[in-house]
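*Asks:* Take the sequence shown: its position 202, counting from 1, is numbered 202 in UniProt numbering, and each next residue is one higher.
For every residue, glycine included, the Cβ atom is placed at its ideal position computed from N, Cα and C.
Computed from a prediction, not measured in an experiment: that's the story for all the values here.
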Amino acid sequence: MVPMIRAASLRGFVPLVERLGGEADALLARFGLARQALDSDEALIPITANDLVLDAAAAELGCPDLGLRLAEAQDLSILGPLAGVIESSSTVAEALALASRYMFVHSPALSVGVQADPRGSRGVVALTYRKDLHESPYSPQAIELGLGLFYQVAVMLVGSRTGLRSVEVPHQPQSPVSRYTGFFGADVTFGCRAAALRVERHLLDEQFATADEAIRRLAVDYLASHYPDPARKVSTQVRRALTGSLGTTSPAITGVARLLSVHPRTLQRKLAAEGASFEAILDEVRRDAAHRYLTTTDLPLGQVAALVGFTEQSTLSHAVRRWYGASPRELRRTAQHPAPGSRTELSR
Numbered sequence: 001m002v003p004m005i006r007a008a009s010l011r012g013f014v015p016l017v018e019r020l021g022g023e024a025d026a027l028l029a030r031f032g033l034a035r036q037a038l039d040s041d042e043a044l045i046p047i048t049a050n051d052l053v054l055d056a057a058a059a060e061l062g063c064p065d066l067g068l069r070l071a072e073a074q075d076l077s078i079l080g081p082l083a084g085v086i087e088s089s090s091t092v093a094e095a096l097a098l099a100s101r102y103m104f105v106h107s108p109a110l111s112v113g114v115q116a117d118p119r120g121s122r123g124v125v126a127l128t129y130r131k132d133l134h135e136s137p138y139s140p141q142a143i144e145l146g147l148g149l150f151y152q153v154a155v156m157l158v159g160s161r162t163g164l165r166s167v168e169v170p171h172q173p174q175s176p177v178s179r180y181t182g183f184f185g186a187d188v189t190f191g192c193r194a195a196a197l198r199v200e201r202h203l204l205d206e207q208f209a210t211a212d213e214a215i216r217r218l219a220v221d222y223l224a225s226h227y228p229d230p231a232r233k234v235s236t237q238v239r240r241a242l243t244g245s246l247g248t249t250s251p252a253i254t255g256v257a258r259l260l261s262v263h264p265r266t267l268q269r270k271l272a273a274e275g276a277s278f279e280a281i282l283d284e285v286r287r288d289a290a291h292r293y294l295t296t297t298d299l300p301l302g303q304v305a306a307l308v309g310f311t312e313q314s315t316l317s318h319a320v321r322r323w324y325g326a327s328p329r330e331l332r333r334t335a336q337h338p339a340p341g342s343r344t345e346l347s348r
């Protein structure tokens with residue numbers, strides 16, 4: 001299955017686009033998103049489409065800090081049932097541990113964690129925010145939105161006691177550096193290995209005024225019973241195996257079964273028990289990979305075909321038309337070029 005994210009991640013997107021003079025419906029439609037889907041926080045949308053529409057809006061509407069603006073308009077509630085677990089935790093360390101464990105409820109492609117300080121400072125740790133790039137391509141605006149929201153939530157829960165030393169951003173500045181330092185109230189370094197908030201270690205021991213052990217237990221029990229970890233599903237393991245090997249080895253069930261240490265027939269039975277099949281998962285992986293390559297790169301179509309495991313470019317063309325009702329060139333042109341009348345188009 002294509003990696004998804006809760007539609008709440010785009011909360012505030014439509015009014016912001018409209019304030020900037022853009023046409024939200026048309027922009028969303030270009031990436032296969034319907035405005036109605038954003039009306040429900042519980043709805044799920046493809047994370048790749050979610051991120052691409054953020055980057056496109058920022059570029060075409062002349063708003064390089066779009067991700068940060070959305071972060072300012074959002075709060076912990078976009079995480080839905082996960083928000084209750086975090087808010088009722090006793091300490092920052094407990095909240096981070098539970099957020100790391102259950103982040104898949106918001107999106108299985110995203111993760112948060114605690115790591116040693118990348119600069120090696122004593123008494124400092126890095127609170128990381130990552131996206132699995134095997135699942136979906138990198139997005140500067142989405143990373144800034146996620147990291148900005150991460151910071152906003154920390155301030156909401158512990159106030160001014162964040163102990164923030166500096167912020168690490170993997171990409172180069174999209175806006176003037178002063179915009180970042182003004183938002184975070186700390187130095188910001190770009191071109192880093194991971195998105196992270198560098199904080200004093202004692203922050204992990206900070207107590208939450210909203211801590212409630214009874215509510216936390218109920219919230220955790222609810223997540224455990226209503227949101228099974230997709231990483232434990234055989235179909236998820238097959239998808240990850242195919243995603244990691246696509247374009248390098250033949251996408252055959254025998255090879256995937258060998259990676260998972262099961263017999264091919266056993267693998268087929270386990271997938272069937274989950275209502276899935278190897279062929280359907282392979283088709284989804286190819287579809288998602290083809291969409292990424294066509295909409296985020298200028299690679300020749302023959303190379304894209306090889307990268308998604310097709311021996312012929314014509315096979316790619318037939319598959320893309322079946323998936324998206326358009327040729328590979330049409331799909332690329334629609335996603336990568338702004339519609340007539342957008343600010344980017346008019347400025348050319």
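Hey, is the segment 15-28 in contact with the segment 132-143, meaning 3+ C-beta pairs nearer than 8 Å?
*Replies:* Taking 8 Å as the limit for Cβ pairs, the verdict is that the segment 132-143 does not touch the segment 15-28.
*Asks:* Which residue marks the beginning of the alpha helix (DSSP H) containing R287, and which one marks its end?
*Replies:* Stepping through the sequence shown from its first residue, residue 287 is reached at position 287. From DSSP, the alpha helix (DSSP H) with R287 extends over F278 to T296.
*Asks:* Would you say V112 and T91 are within 8 Å of each other, going by their C-beta atoms?
*Replies:* For the purposes of this step, residue 112 is taken as the residue at position 112 of the sequence shown. For the purposes of this step, residue 91 is taken as the residue at position 91 of the sequence shown. Cβ atoms of V112 and T91: not closer than 8 Å.
*Asks:* Can you name the residues that DSSP bridges to Q115?
*Replies:* By one-based count along the sequence shown, residue 115 stands at place 115. The partner list for Q115 (beta bridge, DSSP) reads A126.
*Asks:* Please report the straight-line C-alpha distance between S166 and G191, rounded to a whole angstrom.
*Replies:* As a position in the sequence shown, residue 166 is number 166, starting the count at 1. As a position in the sequence shown, residue 191 is number 191, starting the count at 1. Spanning the two alpha carbons is a distance of roughly 14 Å.
*Asks:* Taking the C-alpha atoms as reference points, what is the distance between A186 and L164?
*Replies:* Residue mapping note: residue 186 aligns to position 186 of the sequence shown, counting from 1. Residue mapping note: residue 164 aligns to position 164 of the sequence shown, counting from 1. C-alpha separation (whole angstroms): 7 Å.
*Asks:* Below 8 Å CB to CB, which residues in the same chain sit around E312 once its five sequence neighbours on both sides are set aside?
*Replies:* Position 312 of the sequence shown, counting from 1, holds the residue named residue 312. Once the five neighbours on either side are set aside, the close Cβ partners of E312 are A305.
*Asks:* Does T248 pass the burial test, meaning 16 or more other C-beta atoms within 10 Å, or should it be called exposed?
*Replies:* Your numbering for residue 248 matches position 248 in the sequence shown. Label assigned to T248: exposed.
*Asks:* Pull up the CB-CB distance for E42 and G84, whole angstroms please, since I reckon it's below 8 Å.
*Replies:* For the purposes of this step, residue 42 is taken as the residue at position 42 of the sequence shown. For the purposes of this step, residue 84 is taken as the residue at position 84 of the sequence shown. In fact, because the Cβ distance is near 14 Å, the residues do not count as touching under 8 Å.
*Asks:* Could you give the DSSP three-state label for P340: helix, strand or coil?
*Replies:* As a working mapping, residue 340 is identified with position 340 in the sequence shown. The pLDDT assigned to P340 is 43, lower than 50, so where the model puts this residue is not dependable; a value taken from the coordinates is nonetheless given after this. In this structure, P340 counts as coil in the three-state DSSP scheme.
*Asks:* Rounded to the nearest angstrom, what separates R11 and V199 at their Cα positions?
*Replies:* As a working mapping, residue 11 is identified with position 11 in the sequence shown. As a working mapping, residue 199 is identified with position 199 in the sequence shown. Approximately 28 Å between the Cα atoms of the pair.
*Asks:* Does the beta-carbon of E46 have 16 or more other beta-carbons within 10 angstroms, so that it is buried, or is it exposed?
*Replies:* Within the sequence shown, numbered from 1, the residue matching residue 46 stands at position 46. Contrary to the premise, residue 46 reads as Pro rather than Glu in this sequence. Result: buried.
*Asks:* Can you check whether the CB of I86 is closer than 8 Å to the CB of L70?
*Replies:* On the sequence shown, position 70 is the one that residue 70 refers to. On the sequence shown, position 86 is the one that residue 86 refers to. Result no, Cβ atoms of L70 and I86 do not sit closer than 8 Å.
*Asks:* If you scan the segment 7-92 from start to end, which runs of the beta strand (DSSP E) of 3 or more residues do you find wholly inside it?
*Replies:* Taking only runs of at least 3 residues, the beta strand (DSSP E) segments lying wholly in the segment 7-92 are 44-46.
*Asks:* Alpha carbon to alpha carbon, how far is A214 from P228? Give it in angstroms, no decimals.
*Replies:* Within the sequence shown, numbered from 1, the residue matching residue 228 stands at position 228. Within the sequence shown, numbered from 1, the residue matching residue 214 stands at position 214. For P228 and A214, the distance between alpha carbons rounds to 22 Å.
*Asks:* Should S235 be labelled buried (16 or more other beta-carbon atoms within 10 Å of its own) or exposed?
*Replies:* Position 235 of the sequence shown holds residue 235. Buried is the call here.
*Asks:* If the criterion is Cβ atoms closer than 8 Å, does the pair P251 and L242 meet it?
*Replies:* Numbered from 1 along the sequence shown, position 251 holds the residue referred to as residue 251. Numbered from 1 along the sequence shown, position 242 holds the residue referred to as residue 242. Cβ distance < 8 Å, so P251 and L242 count as in contact.
*Asks:* State buried or exposed for V177, treating a residue as buried only when at least 16 other CB atoms are found within 10 Å of its CB.
*Replies:* Against the sequence shown, residue 177 aligns to sequence position 177. With fewer than 16 Cβ atoms within 10 Å of its Cβ, V177 is classed as exposed.
*Asks:* Report, in whole angstroms, the separation of the C-beta atoms of D55 and Q141, which I expect to be a contact under 8 Å.
*Replies:* Here residue 55 is taken as the residue at index 55 of the sequence shown, counted from 1. Here residue 141 is taken as the residue at index 141 of the sequence shown, counted from 1. Yes, they are in contact, since the Cβ atoms of D55 and Q141 sit about 5 Å apart, within 8 Å.
*Asks:* So who's on the other strand from M156, going by DSSP bridges?
*Replies:* Start at 1 with the first residue of the sequence shown, and residue 156 comes out as number 156. In the DSSP output, where bridge partners are listed per residue, M156 has none listed.
*Asks:* For I143, collect the residues of the same chain with a Cβ closer than 8 Å to its Cβ; drop the 5 residues on either side in sequence, then sort them by chain order.
*Replies:* The residue labelled residue 143 in the question sits at position 143 within the sequence shown. Taken in chain order, the residues that qualify are G67, Y129, K131, V169, P170, H171 and A195.
*Asks:* Could you compute how far the alpha carbon of Q36 sits from the alpha carbon of P264?
*Replies:* What you label residue 36 is simply residue 36 of the sequence shown in a count that begins at 1. What you label residue 264 is simply residue 264 of the sequence shown in a count that begins at 1. Cα to Cα, Q36 sits roughly 42 Å from P264.
*Asks:* T189 by DSSP, collapsed to three states: which one?
*Replies:* Walking along the sequence shown from the start, residue 189 turns up at place 189. Strand.
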